[in-house]
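Single-structure report; data block below.
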Amino acid sequence: MAATPGYRFCAVSLAIILGISFFFSGIATAQLSVSFYAKTCPSVFETVRAGVRSALNAETRMGASILRLFFHDCFVN
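Heads up, the sequence shown is in UniProt numbering, so the first residue is 1 and it goes up one at a time.
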């Protein structure tokens, strides 16, 4: 039973895509740094703190909403 040209094309295409994906996966690693905002926006923590305080003063339920948002966005993989 010989492979059809369409099957052969799909197999070769898949092999090429997988090869390229594995090659670029090492290049695209995250370059995260704890001190990133210290260099780019030194007042970010004060700005965020002021925004959160303002939101909490306007609506007391906002604390739970912000906490829920934090856990959903930061810890769900």
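Glycine residues also receive a C-beta, built at the ideal position from the N, C-alpha and C atoms.
Every value quoted in this text rests on a predicted model; they were computed, and no experiment measured them.
Can you tell me the Cα-Cα spacing of residue i and residue j, whole angstroms?
i: Phe70; j: Ser13; result: 40 Å
i: Ile16; j: Phe23; result: 11 Å
i: Lys39; j: Ile20; result: 34 Å
i: Arg49; j: Pro42; result: 13 Å
i: Val52; j: Val34; result: 21 Å
i: Ala11; j: Leu32; result: 37 Å
i: Ala58; j: Ser65; result: 13 Å
i: Val44; j: Leu18; result: 40 Å
Hey, quick one: how far does the alpha helix (DSSP H) through residue i stretch, first residue to last?
i: Arg53; result: Val44 to Ala58
i: Thr40; result: Phe36 to Thr40
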